[in-house]
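Written out below as structure tokens is the structure these notes cover.
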Amino acid sequence: MRRISSFVSFMLKEGHSTYRLKLLRSLHLYWPSIPRPPVSLEATGMALARLFRSLAEDGDLHNLSIHGAEQIVLYPDVPAAITQLTTLEWLNVADARRRTINMLSGLRCPFKVAIISLGSPRNEADGWILSILDKHLLWSLQPFTATLSYLTIATRRFSAPDDPVFPNVTYLNLSTADIRWVRHYVRAFPNLLILSARDCDIPEGRAEYGLRRAGNLSEQETSGTWQSLTSYCGSILTLYLLAIPKHIPKVVFNEVEDGLQSGMLRTVLGGARPRQLQLTLDGAFWLLDPDFLSTFTHYGVDALRHFKLVVKVDALDDVTYIPEALESAIDHVIKPLQVTLVAVTIEVDLSWYCVPRKFEPPLPESDPIEEVLEGWDVDAYAHRIQDKIGAVSPALRSVTVGLWHHRTRGNCQVTLGLTYESFDDSDEEYCSSGSESDGEDLMEV
Numbered sequence: 022m023r024r025i026s027s028f029v030s031f032m033l034k035e036g037h038s039t040y041r042l043k044l045l046r047s048l049h050l051y052w053p054s055i056p057r058p059p060v061s062l063e064a065t066g067m068a069l070a071r072l073f074r075s076l077a078e079d080g081d082l083h084n085l086s087i088h089g090a091e092q093i094v095l096y097p098d099v100p101a102a103i104t105q106l107t108t109l110e111w112l113n114v115a116d117a118r119r120r121t122i123n124m125l126s127g128l129r130c131p132f133k134v135a136i137i138s139l140g141s142p143r144n145e146a147d148g149w150i151l152s153i154l155d156k157h158l159l160w161s162l163q164p165f166t167a168t169l170s171y172l173t174i175a176t177r178r179f180s181a182p183d184d185p186v187f188p189n190v191t192y193l194n195l196s197t198a199d200i201r202w203v204r205h206y207v208r209a210f211p212n213l214l215i216l217s218a219r220d221c222d223i224p225e226g227r228a229e230y231g232l233r234r235a236g237n238l239s240e241q242e243t244s245g246t247w248q249s250l251t252s253y254c255g256s257i258l259t260l261y262l263l264a265i266p267k268h269i270p271k272v273v274f275n276e277v278e279d280g281l282q283s284g285m286l287r288t289v290l291g292g293a294r295p296r297q298l299q300l301t302l303d304g305a306f307w308l309l310d311p312d313f314l315s316t317f318t319h320y321g322v323d324a325l326r327h328f329k330l331v332v333k334v335d336a337l338d339d340v341t342y343i344p345e346a347l348e349s350a351i352d353h354v355i356k357p358l359q360v361t362l363v364a365v366t367i368e369v370d371l372s373w374y375c376v377p378r379k380f381e382p383p384l385p386e387s388d389p390i391e392e393v394l395e396g397w398d399v400d401a402y403a404h405r406i407q408d409k410i411g412a413v414s415p416a417l418r419s420v421t422v423g424l425w426h427h428r429t430r431g432n433c434q435v436t437l438g439l440t441y442e443s444f445d446d447s448d449e450e451y452c453s454s455g456s457e458s459d460g461e462d463l464m465e466v
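In our numbering, the protein residues as written are 22 to 466.
Okay, here's the thing in structure tokens:
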């Protein structure tokens, strides 16, 4: 409380207060789950309301981030003051509930970026309210249909047949895609360029997967699908169930799922036929699996120009000899792509391996897997790729090999030839343009 009161007093004290308010372009408010020491909600609310009213009158605030949003807007004057702002272009609200969503409906700003995360239900009544908000969340953003271009939604489902249309949204990031209503997403976001979906709300079962995919494919063939989509980021299963019947130039599988199904991977690659592909594996053992390796001789990868393979080392796999698996990748993954391949990246990631599971002791200082990779020559491996592939492929321009999160060796990366940044996170590109500005102040309430 003292910190926010001091900040508000500084911003609004007599003498050049208008100048200070003009300098504040980005504001981050954070409410901890258990404030220490306990704070006065009314006093905090009064201070924040004064600040936002002053910013509405004399400020030029572009970016606002509120974590613990429902607690911060409990004091009625706070949401009322925030709705007076007319300069906001970037909004991030986390733990949003009824009051926060109602506040969104009252905003009249030229929003370009909205990042909304609904809170988890605290009881049965709260869960019922949140389920209603899920279904009608897009209506709270209806005032921004003409300006919104980037939307991130962290909720279970929010698509509905009568949702408003957002013709300028080109980036949609979903924590959970509601696979049952793909046609509603297509209708609400007709000009989508980038789709990111971390998970899908569907029970496990191959029979269920087939029915959902067939249903979505049939609906999109009848009602239409995205013609503008250029990039997908998420899991293999989600893209399989979405069944988007078109070429997708860039595909990033960065969500590792249990039990990769090689047949499913071949199906989605055959449909998307990407020119850029990132594939994340949950263990090096896949690089010795004949069924998986056959993927790279099938239709769907014959147009690949940029390929990135991320191998997350499995702490429970004490059988696979990783250097052998990596050599297999050269002959059975990269070599079949040699005709079109321009850039290849291989990353070995130990971030899972070094983090002990719950109730398990930490790894000993001397560990067999880390000892093997301690002596792995990253530079020599990169040169072997270049020698084997580059000798017969005039297209190859770049080879990058990296080892990450090794406890004693540290991170290391080698690039031969040109450096490509083909797989930068689109999230970061959008968010950094809106969240970085002069005069940013971070406050923990």
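Beta carbons: idealized from backbone N, C-alpha and C, even for Gly.
Quick one: residues in its chain with C-beta nearer than 6 Å to the C-beta of residue i, no 5 flanking neighbours on either side, listed in chain order?
i: V467; result: Absent from the structure is residue 467, since the part of the chain shown begins at 22 and ends at 466.
i: S244; result: R204
i: G231; result: none
i: L128; result: T104
i: T421; result: T366, T436
i: V273; result: C254, Q299
i: K43; result: D81
Starting from the C-beta of residue i, find all residues in its chain whose C-beta is less than 7 Å away, skip the five residues before and the five after it, and write them out in chain order.
i: A350; result: L308, L330, I367
i: K409; result: I351, K356
i: P344; result: V393, W397
i: A90; result: V114, A115, D116, A117, T121
i: R74; result: A102, Q105
i: L358; result: F317, V322, L325, F328
i: E395; result: T429, R430
i: L125; result: S161, L162
i: P131; result: E110, T168
Can you tell me the Cα-Cα spacing of residue i and residue j, whole angstroms?
i: F210; j: C221; result: 18 Å
i: W425; j: Q434; result: 8 Å
i: V399; j: V99; result: 55 Å
i: N113; j: E240; result: 33 Å
i: S170; j: I25; result: 32 Å
i: K333; j: D312; result: 19 Å
i: M464; j: T259; result: Unreliable positioning characterises M464 in this predicted model, as indicated by a pLDDT of 41, which lies under 50. A coordinate reading is not provided.
i: V207; j: I406; result: 41 Å
i: A64; j: P188; result: 42 Å
i: R296; j: H157; result: 37 Å
i: A198; j: T246; result: 16 Å
i: E35; j: W52; result: 28 Å
i: L193; j: P389; result: 42 Å
i: H404; j: Y40; result: 57 Å
i: S454; j: L286; result: In this prediction, S454 scores a pLDDT of 40, lower than 50, which makes its location untrustworthy; no coordinate-derived value is stated.
i: I174; j: P182; result: 18 Å
i: H49; j: I87; result: 6 Å
i: I223; j: A235; result: 14 Å
i: V466; j: E110; result: The pLDDT assigned to V466 is 44, lower than 50, so where the model puts this residue is not dependable; a value taken from the coordinates is nonetheless given after this. Distance between the alpha carbons of V466 and E110 is about 23 Å.
i: S61; j: T176; result: 30 Å
Give the range of the alpha helix (DSSP H) segment to which residue i is assigned.
i: F274; result: Per DSSP, F274 belongs to no alpha helix (DSSP H); it is in the beta strand (DSSP E), 271-274.
i: T468; result: Residue 468 lies beyond the stretch modelled for the chain, which goes from 22 to 466, so this question has no answer here.
i: Q92; result: 90-93
i: T421; result: No alpha helix (DSSP H) holds T421; the beta strand (DSSP E) holding it covers 419-425.
i: A401; result: 399-406
i: F3; result: Within the shown structure, residues of the chain are numbered from 22 to 466, placing residue 3 beyond reach of any answer.
i: V289; result: 283-293
i: V393; result: 389-395
i: A167; result: From DSSP, A167 is part of no alpha helix (DSSP H); its letter is neither H nor E.
Tell me whether the beta-carbon of residue i lies closer than 7 Å to the beta-carbon of residue j.
i: L162; j: V190; result: no
i: D335; j: G304; result: yes
i: L417; j: G411; result: yes
i: A293; j: I269; result: yes
i: K133; j: T168; result: yes
i: P185; j: L216; result: no
i: T301; j: R326; result: no
i: A364; j: Y441; result: yes
i: L250; j: A218; result: no
i: K267; j: S252; result: no
i: S414; j: L439; result: no
At which residues does the beta strand (DSSP E) containing residue i begin and terminate?
i: E368; result: 364-370
i: T436; result: 433-438
i: V331; result: 327-333
i: T429; result: Neither: T429 is in no beta strand (DSSP E) and is coded neither H nor E.
i: L302; result: 297-302
i: S47; result: 47-51
Only counting the same chain, and skipping five residues up and downstream in sequence, which positions put a Cβ closer than 8 Å to that of residue i?
i: V29; result: A68, L69, R71, L72
i: N275; result: C254, G255, Q299, T301, V331
i: F306; result: D335, D338, V340, T341, A346
Is residue i a contact residue of the ligand FMN, with contact defined as CB to any heavy atom under 6 Å?
i: H319; result: Within the structure as shown, the ligand FMN is missing, as the structure has no ligands at all.
Is the Cβ of residue i closer than 7 Å to any Cβ of chain D?
i: R294; result: Given the protein chain composition of this structure (a single chain), no chain D is represented.
Residue ranges of each beta strand (DSSP E) within the region 171-259, 3 or longer: Entirely contained in the region 171-259, the beta strand (DSSP E) runs reaching 3 residues are, in chain order, 171-175, 192-195, 215-218, 252-255.
Contained beta strand (DSSP E) runs [length at least 3] in the region 77-126, N- to C-terminal order: 84-88, 111-117
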